[in-house]
Structures are given as structure tokens and as C-alpha cells.
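Quick notes on the structure that follows.
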Amino acid sequence: MSGVDNGARRRLPVHVLRHRDYRYIWMGQFVSMLGTQMHAAALSWQVYQMTGSAVQLGLLGLIRAIAVMSTSLLGGAVADAFNRRRVLLVTQAMLMLLSAAIAVVTMSGSVTIWFLYVIAALAAATSAFDGPARAALIPGLVPRVELAPAMSLNMLVFSVARMVGPAAGGIAVAQVGLSGTYWLDAGSFLFVIAALAMMQTRLEPPVVRGNHLEAIVEGLQFIRRTPVIWGVILLDFLATLLGSTVGLAPIFATDVLKIGPEGFGLLLSAPAAGAVLGGVLISLVPQPERPGMVMVGAVVGYGAGLLYTSDAG
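Residues 0 to 312 in numbering that gives the first Met the number 0 are what the sequence shown lists, from first letter to last.
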């Protein structure tokens with residue numbers, strides 16, 4: 000038994016949490032990501048309950064995607080060019096204000112579908128700046144030799160938040176309502192803001208890379224010249240574009256399964272739980288000789304699962 004425990008401790012690199020600033024950021028972003036997932040679940044539920052329209056629900060996802068795609072490259076350039084701590088303070092404050100705004104308007108009873116679309120677009124665009132800055136901050140908080148375990152702990156936070164957050168969001172919608180859920184999300188950003196405010200680590204100044212537009216173009220050219228990266232991106236893009244079922248969860252929960260927001264939250268959490276299980280299984284099997292074929296097989300299996308699910312509707 001002790002051997003198993005020791006092995007688990009080796010696989011889970013909690014030792015990097017001894018670094019004060021990293022520990023505070025890690026805990027703060029876990030709470031913040033939980034709130035973000037709760038917000039996303041509540042927003043999808045609200046849009047469908049307001050409109051009863053699959054088109055309007057799909058438009059919500061399209062607006063988010065356009066906002067992210069149109070700002071993600073710029074977000075990476077900003078993370079390279081400016082102080083990451085200050086960028087995160089701005090993005091976290093903006094996301095908190097957006098959540099507070101939707102909470103206030105929902106409480107007032109004057110919320111409109113177009114207001115929700117605007118909030119969703121602004122939040123998605125802000126997140127496109129927040130994500131790269133968050134990732135670029137971590138190397139400055141831990142020694143270089145501990146960067147890999149620190150990043151793996153960050154991925155763990157993201158995975159757990161994706162698994163727990165939607166279910167918590169469904170429960171929150173049922174217990175405290177939509178506006179209460181948005182207020183919980185707004186409050187969650189205070190944890191990251193407090194962690195950033197208490198940072199003692201002196202970050203290295205950003206590297207000046209010249210023209211940011213040139214850097215973006217160089218990155219795109221590198222992707223185009225690298226077939227493996229280009230193929231993975233294309234495969235993931237097509238699978239996400241044509242096979243995403245998360246946006247249909249409110250319809251499935253309301254019209255097919257006839258369950259409340261709690262069940263809806265569990266539906267949203269299920270894919271993330273499957274991803275965590277898949278990650279565990281991958282860690283237990285040898286590295287495949289042809290990983291590309293494994294990826295293609297996984298996408299085909301995913302499509303087969305979608306066909307089975309559609310038959311249930």
C-alpha cells in the first residue's frame with residue numbers, strides 16, 4: 000500500500016506548490032476557472048430558456064468562436080510584449096466586471112438575448128488575452144527545472160475545473176438562480192486578483208521582438224511549413240467545428256431527457272470526466288508507434304459516439 004502511495008506522490012508533482020507565488024496563483028486560478036465554467040453553463044441554459052431556439056443557442060457558440068479566433072494571435076503577442084502580471088490584472092478585472100454586469104441585468108429582469116451575445120463576445124475576446132498571459136506567467140514563478148511539473152499541475156487545475164465547474168453551475172442555477180450563479184463567478188476572480196496583488200517574485204522584463212505583426216506572420220508560416228502541427232490543428236478544428244455537442248446540451252437536457260439545470264450541469268461535465276479518464280488510460284499504456292493513426296481512430300470513434308447519441312434524440 001505504501002508503495003502505491005509513494006508512486007502516486009511521484010506522479011502528482013505537488014512539491015512545486017512550495018513556491019509561494021506559484022501556490023497562490025495556482026489556488027486562485029482554480030477557483031476562478033470553476034467560476035468561469037459555472038458562468039458558461041448558466042449562460043447556455045439562460046439563452047435556451049429565454050429563446051427555446053437551437054439557432055440562437057448555436058449563434059452563442061459562433062459568436063464566442065469568432066471573438067476568440069479574431070483576438071487569439073494578438074493575445075499571444077501582448078503576452079510576449081507586456082508584463083504578464085499586469086495583463087492578468089486587467090483581464091481578470093474585466094472578466095469580473097462582465098460577470099457582474101450580466102448578474103445585475105439578469106436580476107433587473109431586463110436582459111435581452113443581444114445583451115447576452117455582447118457579454119459572451121467580450122468575455123471570449125478577453126479570455127484570448129488572459130490565457131497566453133497566464134501560461135507565460137508560470138515560468139517566472141518556478142525554477143526552470145520545475146517548469147514541467149508546474150505546467151502539469153496547471154493542466155490538472157484546468158481539467159478538474161472543466162469536470163466540476165459545469166456540475167456546480169447547474170446546482171447553483173437550481174439553488175440561487177442565474178443571477179446568483181453569475182455573482183459567484185464574479186467573486187471567483189477576486190482570488191486570482193488577490194494572488195496577483197500579493198506576488199513578490201520580480202518577473203523578467205518581456206523580450207522585445209520587434210514588429211508584433213511580423214511575429215504573428217512568422218508563427219503562421221512555421222505552422223504551414225510543419226505538416227505534423229498543421230495536420231493536428233486541422234484535425235482538431237474539423238472535429239470541434241463539425242462534432243461539438245456541448246452547445247446542444249441545453250436542448251438535450253430540456254427537450255429529450257427533460258431534466259433540470261442540475262442534470263444539465265452533469266451533461267456538460269461528462270465530456271471533461273471522459274477526458275480525464277482518457278488521460279489516465281494514456282499514461283498507463285506504452286507510447287504508440289504511430290500516434291497520428293491513434294488520433295484519427297479517436298476522432299472516428301468520437302463520430303460514432305455522436306451518431307449513437309443522435310439516435311437517442
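Beta carbons are placed, not taken as given, at the ideal position from N, Cα and C, and that holds for glycine.
Bear in mind the structure is a predicted one, so any value in this text is a computation, not a measurement.
I'd like the list of long-range same chain contacts for residue i, defined as Cβ closer than 8 Å, with 5 residues on each side in sequence excluded.
{"i": "valine 104", "result": "Val110 and Phe114"}
{"i": "alanine 272", "result": "Met162"}
{"i": "isoleucine 232", "result": "Ile222"}
{"i": "isoleucine 65", "result": "Ala120"}
Spatial neighbours of residue i within its chain, please: C-beta separation below 6 Å, excluding the five flanking residues on both sides.
{"i": "tyrosine 181", "result": "Ser98, Ile101 and Ala102"}
{"i": "tyrosine 372", "result": "Since the displayed the chain opens at 0 and closes at 312, residue 372 lies outside it and no answer follows."}
{"i": "alanine 127", "result": "Val67, Thr70, Ser71 and Gly74"}
{"i": "methionine 93", "result": "Thr125"}
{"i": "arginine 8", "result": "Model confidence at arginine 8 stands at a pLDDT of 42, short of 50, so the residue's coordinates are unreliable; what they give is reported in the following sentence. Once the five neighbours on either side are set aside, arginine 8 has no close Cβ partner at all."}
By Cβ distance below 7 Å, which residues in the same chain neighbour residue i in space, the five residues on each side in sequence not counted?
{"i": "serine 187", "result": "Val30, Ser31, Leu33 and Gly34"}
{"i": "serine 178", "result": "Ala102, Thr105 and Met106"}
{"i": "leucine 265", "result": "Ala166 and Gly169"}
{"i": "glutamate 145", "result": "Val15"}
{"i": "leucine 256", "result": "Gly262"}
What's the gap between the Cα of residue i and the Cα of residue j?
{"i": "aspartate 340", "j": "alanine 40", "result": "Within the shown structure, residues of the chain are numbered from 0 to 312, placing residue 340 beyond reach of any answer."}
{"i": "methionine 197", "j": "glycine 168", "result": "29 Å"}
{"i": "arginine 80", "j": "valine 159", "result": "For clarity, residue 80 is alanine in the given sequence; the question names arginine instead. Their Cα atoms are separated by approximately 31 Å."}
{"i": "leucine 283", "j": "leucine 219", "result": "35 Å"}
{"i": "valine 3", "j": "isoleucine 112", "result": "Caution is warranted here: a pLDDT of 40 is assigned to valine 3, below 50, making its placement in the model unreliable, and no coordinate value can be reported."}
{"i": "glycine 6", "j": "arginine 63", "result": "With a pLDDT of 42 at glycine 6, under the threshold of 50, the modelled position of that residue is not reliable, and the figure given next carries that caveat. Using only the alpha carbons, I get a separation of about 41 Å."}
{"i": "alanine 274", "j": "glycine 108", "result": "37 Å"}
{"i": "glycine 130", "j": "arginine 143", "result": "21 Å"}
{"i": "valine 227", "j": "valine 175", "result": "47 Å"}
{"i": "arginine 22", "j": "threonine 200", "result": "12 Å"}
{"i": "valine 299", "j": "leucine 276", "result": "18 Å"}
{"i": "glycine 278", "j": "proline 285", "result": "13 Å"}
{"i": "proline 138", "j": "methionine 49", "result": "44 Å"}
{"i": "threonine 90", "j": "alanine 122", "result": "9 Å"}
Count the other CB atoms, across all protein chains shown, that sit within 10 Å of the CB of residue i; report buried if there are 16 or more and exposed otherwise.
{"i": "phenylalanine 263", "result": "buried"}
{"i": "methionine 0", "result": "With a pLDDT of only 43 at methionine 0, under 50, the local geometry of the prediction cannot be trusted, and no value is derived from it."}
{"i": "serine 69", "result": "exposed"}
{"i": "threonine 225", "result": "exposed"}
{"i": "alanine 147", "result": "exposed"}
{"i": "tryptophan 229", "result": "exposed"}
{"i": "methionine 154", "result": "exposed"}
{"i": "aspartate 235", "result": "exposed"}
{"i": "histidine 14", "result": "exposed"}
{"i": "phenylalanine 221", "result": "exposed"}
{"i": "arginine 223", "result": "exposed"}
{"i": "serine 133", "result": "In the sequence as displayed, the identity of residue 133 is arginine instead of serine. Classification for arginine 133: buried."}
{"i": "valine 54", "result": "exposed"}
{"i": "valine 86", "result": "buried"}
{"i": "alanine 149", "result": "buried"}
Taking the CB atoms as reference points, tell me whether residue i and residue j lie closer together than 8 Å.
{"i": "glycine 393", "j": "glycine 246", "result": "Shown here, the chain extends from 0 to 312; a query on residue 393 therefore has no answer."}
{"i": "proline 260", "j": "alanine 173", "result": "yes"}
{"i": "leucine 202", "j": "arginine 84", "result": "yes"}
{"i": "alanine 24", "j": "leucine 140", "result": "A small correction: the amino acid at residue 24 is isoleucine; alanine does not occupy that position in the sequence shown. Taking 8 Å as the Cβ cut-off, isoleucine 24 and leucine 140 qualify as a contacting pair."}
{"i": "leucine 88", "j": "isoleucine 258", "result": "no"}
{"i": "serine 268", "j": "valine 163", "result": "yes"}
{"i": "alanine 135", "j": "alanine 194", "result": "no"}
{"i": "leucine 61", "j": "serine 43", "result": "no"}
{"i": "alanine 171", "j": "methionine 294", "result": "no"}
{"i": "glycine 27", "j": "phenylalanine 157", "result": "no"}
{"i": "leucine 305", "j": "threonine 244", "result": "yes"}
{"i": "leucine 152", "j": "proline 270", "result": "no"}
For residue i, would you say it is in contact with chain D, using Cβ-to-Cβ distances shorter than 8 Å as the test?
{"i": "leucine 146", "result": "Among the chains in the structure shown there is no chain D, since it carries only a single protein chain."}
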